[in-house]
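Participant:
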Amino acid sequence: MSLLSSRSAFSRLADEVGTVDAVGVEERVAKYTTRSIKKAAKVQGLKLAVSMLDLTTLEGKDTPGKVASLCQKALHPHSDPDVPPVAAVCVYSAMVRHAARHVADSAVKVASVATAFPSGQTPLKIRLAEVRAAVADGADEIDMVINRGAFLAGEFDRVQDEIAAVVQACGSAALKVILEVSELETYDSIRFASFLALRVIREGDFIKTSTGKTGLNATLGNNQVMIEAIRDHYLDTGVAVGMKPAGGIRTAKQALQFLVAVKETLGDAWLTSARYRFGASSLLNDLLRQIEKEKSGAYQAPYYFTEAAESY
Amino acid sequence: MTTLTAERKKASGRNGRAAPELIFGDLWEFDPAPETADPRLKPRYDLFIGGEFVPPRGGKYFDSINPGNEQKLAEIALAGPADVDAAYAAAQRAQAEVWGRMPGRERAKYLFRLARLLQDRAREFAVAESLDGGKPIKESRDFDLPMAAAHFFYHAGWADKLEYVAPGRTARPLGVIGQVIPWNFPLLMMAWKLAPALAMGNSVVIKPAETTSITALKFAEIIRDSGLPPGVVNIVAGAGETGAAIVNHPAAAKIAFTGSTEVGKAIQRALAGTGKKLTLELGGKAANIVFEDAPLDQAVEGIVNGIFFNQGHVCCAGSRLLVHEPVADVVVAKLRQRIRVLRVGDPLDKNTDIGAINSRPQLEKIRELVDSGVKEGAEMYQPPCRLPSKGFYFRPTLFTGVTQSHRIAREEIFGPVLSILTFRTVEEAVEKANNTAYGLSAGVWTDKGSRILKLSTELKAGVVWANTYNKFDPSSPFGGYKESGFGREGGRQGLLDYCQLT
């Protein structure tokens with residue numbers, strides 16, 4: 000092995016895609032939180048956020064009935080006809096066929112987590128089989144997890160090959176690649192993992208922050224590092240990939256701050272559910288509450304809104 | 000490392016389609032979000048001498064206008080030599096009889112009180128500062144006001160610990176200090192000047208800049224409310240002539256000036272041989288040096304903070320970007336994208352990033368220098384943002400292809416204009432950075448710690464920021480080399496400039 004190639008996979012990728020300064024990233028995203036979104040801009044932003052939601056239930060106790068209820072809420076989030084349906088429902092692969100039945104003939108997509116979510120710790124052929132099964136049952140989108148063990152061990156080729164294999168298994172279904180940022184820990188690693196995924200996925204696929212099953216999920220900082228990677232990849236190759244922050248976004252105010260980040264980093268072309276999604280469950284009711292508040296001038300009691308997915 | 004632009008050209012050539020571009024349009028436009036706190040302005044502001052608001056003896060007033068819409072805000076009393084005399088007399092009396100004799104721990108109580116009263120009225124003062132000076136409300140709210148209060152807090156902490164300022168020696172007050180401050184951070188510069196002087200037991204005659212006197216005279220209300228003994232702080236307003244009267248007054252033990260190098264030189268000439276102490280904080284033409292191994296997106300953010308903060312009206316603004324040739328294209332491309340989303344406009348809108356230029360003369364000076372840049376062959380880029388029809392506004396501006404001999408690389412523009420130069424080696428970067436009459440500040444962006452340490456000793460600048468820019472703290476001394484002045488403000492070093500050691 001030559002001296003050059005014996006440098007770690009991390010430093011070689013760092014040379015290629017550059018590194019990230021944590022203090023600088025946090026300074027940048029703090030500016031998003033001072034943006035003041037009022038009146039018509041606020042209503043527009045709230046509705047946009049609703050339309051970008053992947054309404055999610057990922058529990059061991061999920062049943063066809065729970066999924067049906069989730070799908071109904073996804074189709075009709077609120078009695079106000081101006082509120083758009085959400086982008087997708089996101090369920091475990093075993094629930095895909097139930098969800099698919101309920102949202103058939105609507106714009107709402109069925110997204111399925113697959114590849115032994117959330118750990119990904121099963122043999123590759125089993126993970127691929129799960130993807131194929133979910134697609135066969137009617138999933139429009141697959142949310143996969145990357146092999147964090149391989150990433151942290153520096154086996155970048157393996158990480159990338161596995162993503163490429165899942166792309167193949169997806170067929171025409173869109174793919175969302177979950178980096179599980181809290182297990183990568185540093186912004187540098189998040190940028191590296193983003194590029195590993197970006198280089199093998201297709202236009203219209205997504206990269207996604209987290210499973211929602213670990214301590215730290217989507218933050219403005221993680222989001223910023225990932226959308227900057229998407230921007231750099233797009234400007235280099237012309238391939239436009241989407242972004243999905245997931246977990247931890249519970250309030251309308253947070254959602255608007257994420258959208259400001261998109262507006263000021265990726266621009267108008269990403270302000271659409273085709274290129275930006277929120278993975279969340281409790282966020283929806285707060286968005287609805289704020290939309291109602293802008294209309295009536297007062298906050299409504301919680302029982303005016305149908306139950307949120309997390310309240311079962 | 001191939002550059003982004005080169006890659007893009009390759010991509011477009013390969014597929015025969017246009018190079019990918021980002022669209023920063025108005026798909027989701029923000030509504031106006033004006034700050035609505037009442038600035039509580041008076042129609043007319045008198046001088047503050049001997050603890051009272053007094054009309055000027057000459058009876059003259061001048062207008063202070065809002066640079067954001069060119070409307071008159073208030074009338075300000077114009078101080079003549081007789082007023083300055085009265086101010087010095089009040090200051091001498093207060094220093095000799097009360098303030099200079101008061102134990103430090105008692106003086107500290109007044110300084111704490113000033114800090115807290117300022118915090119109590121922070122929103123009101125922030126709005127007044129933005130109205131009078133044109134800076135965006137988010138900066139006056141999040142930077143100027145908190146920092147001004149922090150300076151009073153910090154120096155209140157020193158007032159009863161002055162025996163530790165210079166261990167083994169005794170620090171005594173100088174007497175009456177004459178202070179002249181600029182228009183870019185009116186209230187904050189006042190805090191920088193007053194807090195150390197007062198903590199040390201001096202009294203003060205201070206003159207705010209003629210375009211931005213309002214917050215200084217509003218601060219006089221706080222001084223009065225704090226119960227500070229009459230005459231310890233005297234505020235006289237006016238332009239250059241009033242400043243000259245302060246500088247040349249025989250009762251001044253020391254002059255502290257922040258402003259242009261030209262005026263600073265005149266003051267130094269005037270004081271030669273008088274025995275008065277002098278500190279000067281003057282202009283700058285700081286180099287912000289970006290190496291190829293720097294985290295580029297964060298460097299770009301730092302470059303933007305460095306030059307577009309406060310419309311570039313910052314003496315330590317990073318107005319010269321020195322960028323390593325291998326990454327020059329990428330950095331410039333990223334900078335252009337970044338300034339596309341800067342919001343220029345109404346200083347009182349909470350979403351404004353770049354507010355109004357402080358005055359018409361300053362706007363004309365910026366235009367003149369920018370024109371010279373174009374004439375001398377540098378390439379200019381300005382984002383296509385809409386500017387308000389009334390008021391003094393200037394688009395954020397980048398110049399590429401700038402060399403050391405361009406005027407825009409040598410003269411202080413004091414506006415939102417960045418001159419971009421390139422370098423090949425570390426040695427060249429240092430040489431270019433130091434090839435200026437100024438030496439106030441510099442920035443270094445690199446992943447390599449040893450390079451930061453090397454450059455921080457080789458750059459002739461009072462402050463060197465590493466992987467960040469425009470960071471301030473009351474405990475950190477600030478001041479210049481060469482024609483950027485001498486003396487330090489902040490920290491122990493700043494206090495030493497307000498005392499005599501025996």
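So the sequences go chain by chain: A and B.
Each residue of the first sequence is one higher than the one before, counting from 0 in numbering that gives the first Met the number 0.
Each residue of the second sequence is one higher than the one before, counting from 0 in numbering that gives the first Met the number 0.
We put the CB at the ideal spot given by N, CA and C, even for glycine.
#1: Could you tell me which of B/Ala155, B/Ile451, B/Ala219, B/Asp296 sits nearest to A/Gly220, measuring between CA atoms?
#2: Could you give the DSSP three-state label for A/Glu129: helix, strand or coil?
#3: Judging by CA-CA distance, which residue of A/Ala103, A/Thr250, A/Ala300, A/Gly59 is the nearest neighbour of A/Ala217?
#4: Name the chain A residues that come within less than 7 Å of B/Gly24, Cβ to Cβ?
#5: Just to confirm before moving on: does the CB-CB distance between B/Pro207 and B/Gly49 stay below 8 Å?
#6: Quick one: what does DSSP say A/Ser78 is sitting in, helix, strand or coil?
#7: Starting from the C-beta of B/Ser483, find all residues in its chain whose C-beta is less than 6 Å away, skip the five residues before and the five after it, and write them out in chain order.
#8: Check whether the region 302-318 of chain B touches the region 352-363 of chain B, taking contact to mean three or more Cβ pairs, one atom from each stretch, closer than 8 Å.
#9: Residues bridged to B/Glu488 by DSSP?
#10: Do we get a CB-CB distance below 8 Å when we pair B/Arg7 with the residues of chain A?
#11: Using CA coordinates, which residue listed in A/Ser7, A/Thr18, A/Arg6 is at the minimum distance from B/Ala293?
#12: Using the Cα positions of A/Ala192 and A/Ala228, report the straight-line distance between them to the nearest angstrom.
#13: Going by other Cβ atoms of all chains shown within 10 Å of its Cβ, with 16 needed for buried, is A/Leu282 buried or exposed?
#14: Residues in its own chain within less than 6 Å of B/Ala89 by CB, not counting five upstream and five downstream?
#15: Which residues does DSSP list as the beta-bridge partners of A/Val199?
#16: Does A/Asn222 come out as helix, strand or coil in the three-state DSSP assignment?
#17: Please check if any C-beta of chain A sits within less than 8 Å of the C-beta of B/Lys137.
#18: Using a C-beta cutoff of 8 Å, does A/Tyr233 count as contacting chain E?
#19: Could you tell me which chain A residues have their CB closer than 8 Å to the CB of B/Lys134, listed as they occur along the chain?
#20: Take the Cβ of A/Lys60 as the centre, count every other Cβ of all protein chains shown within 10 Å, and call the residue buried at 16 or more, exposed below.
#21: Touch check for the region 114-132 of chain B and the region 248-263 of chain B: three-plus C-beta pairs under 8 Å?
#22: Grab me the residues of B/Lys160's own chain with a C-beta within less than 8 Å of its C-beta, minus the 5 sequence neighbours each way, in chain order.
#23: Please list the terminal residues of the continuous alpha helix (DSSP H) segment that includes B/Leu113.
#24: Taking C-alpha atoms, which residue in A/Val24, A/His77, A/Ser10 lies nearest to A/Gln223?
#25: Where do the N-terminal and C-terminal ends of the alpha helix (DSSP H) with A/Phe205 fall, by residue?
#26: Looking at the unbroken alpha helix (DSSP H) that takes in B/Ser418, where does it start and where does it end?
#27: Taking Cβ to Cβ, would you say B/Lys71 is nearer than 8 Å to B/Leu173?
#28: Which residue's Cα is closest to the Cα of B/Phe111: B/Tyr153, B/Ala86, B/Gly57?
#29: Exposed or buried, which one is B/Asp496 when buried takes at least 16 other CB atoms within 10 Å?
#30: Taking one C-beta from the region 58-71 of chain B and one from the region 136-156 of chain B each time, how about it: are there three or more such pairs within less than 8 Å?
#31: For a contact meaning CB atoms closer than 8 Å, what does A/Gln380 contact in chain B?
#32: Are the C-beta atoms of B/Asn350 and some chain A residue less than 8 Å apart?
#33: Tell me where the alpha helix (DSSP H) around B/Gly230 begins and ends.
#34: Taking three-plus beta-carbon pairs below 8 Å as touching, is the region 147-161 of chain A in contact with the region 129-137 of chain A?
#35: Here's the rule: buried if 16 or more other CB atoms are within 10 angstroms of the residue's CB, otherwise exposed. What is B/Leu186?
#36: Which runs of the alpha helix (DSSP H) fall wholly inside the region 87-152 of chain A and span at least 4 residues, in chain order?
Facilitator: With the structure as the only source:
#1: Cα-wise, what sits closest to A/Gly220 is B/Asp296.
#2: Helix at A/Glu129.
#3: The candidate whose alpha carbon is nearest that of A/Ala217 is A/Thr250.
#4: Asp267, listed in chain order.
#5: No.
#6: Here DSSP, grouped into helix, strand and coil, assigns A/Ser78 to coil.
#7: The beta carbon of B/Ser483 lies closer than 6 Å to those of Leu281, Gly283, Tyr437, Gly438, Leu439 in the same chain, with the five residues before and after it left out.
#8: Result yes; three or more Cβ-Cβ pairs closer than 8 Å.
#9: B/Glu488 pairs with B/Phe477.
#10: In this prediction, B/Arg7 scores a pLDDT of 46, lower than 50, which makes its location untrustworthy; the coordinate-derived value is nonetheless stated afterwards. Yes, contact with chain A.
#11: The residue among A/Ser7, A/Thr18, A/Arg6 with its C-alpha nearest the C-alpha of B/Ala293 is A/Thr18.
#12: In a straight line, the C-alpha of A/Ala192 is about 10 Å away from that of A/Ala228.
#13: Buried is the call here.
#14: Result list for B/Ala89: Ile48, Gly49, Gly230, Asn233, in chain order.
#15: In DSSP, A/Val199 forms no bridge with anything.
#16: DSSP places A/Asn222 in helix when its eight states are reduced to three.
#17: Yes - at least one Cβ of chain A is within 8 Å of the one on B/Lys137.
#18: Although the question refers to chain E, the structure presented lacks it and instead comprises the protein chains A and B.
#19: Neighbours of B/Lys134 on chain A: none; closest Cβ ~15 Å, over 8 Å.
#20: Under this definition A/Lys60 is an exposed residue.
#21: Using a C-beta cut-off of 8 Å, the region 114-132 of chain B makes no contact with the region 248-263 of chain B, since fewer than three inter-stretch Cβ pairs fall below that distance.
#22: Excluding sequence positions up to five before and after B/Lys160, its CB lies within less than 8 Å of the CB of Gly103, all in the same chain and listed in chain order.
#23: First-last of the alpha helix (DSSP H) with B/Leu113: 103-119.
#24: Nearest neighbour of A/Gln223 by Cα position, chosen from A/Val24, A/His77, A/Ser10, turns out to be A/Val24.
#25: Element bounds for A/Phe205: not the alpha helix (DSSP H) but the beta strand (DSSP E), 205-207.
#26: Per DSSP, B/Ser418 lies in no alpha helix (DSSP H) segment; the continuous beta strand (DSSP E) that holds it begins and ends at 416-422.
#27: Taking 8 Å as the cut-off, the Cβ atoms of B/Lys71 and B/Leu173 do not count as close.
#28: Of the candidates B/Tyr153, B/Ala86, B/Gly57, the one whose C-alpha sits nearest the C-alpha of B/Phe111 is B/Tyr153.
#29: Flag for B/Asp496 reads buried.
#30: Touching, no.
#31: The structure shown does not extend to residue 380 of chain A, since chain A spans only 0 to 311, so no value can be given for it.
#32: Yes - at least one Cβ of chain A is within 8 Å of the one on B/Asn350.
#33: No alpha helix (DSSP H) holds B/Gly230; DSSP gives it neither H nor E.
#34: By the Cβ test, the region 147-161 of chain A is not in contact with the region 129-137 of chain A, since fewer than three Cβ pairs between them sit closer than 8 Å.
#35: With 16 or more Cβ atoms within 10 Å of its Cβ, B/Leu186 is classed as buried.
#36: Here the runs fully enclosed are 95-102, 123-135, 147-151.
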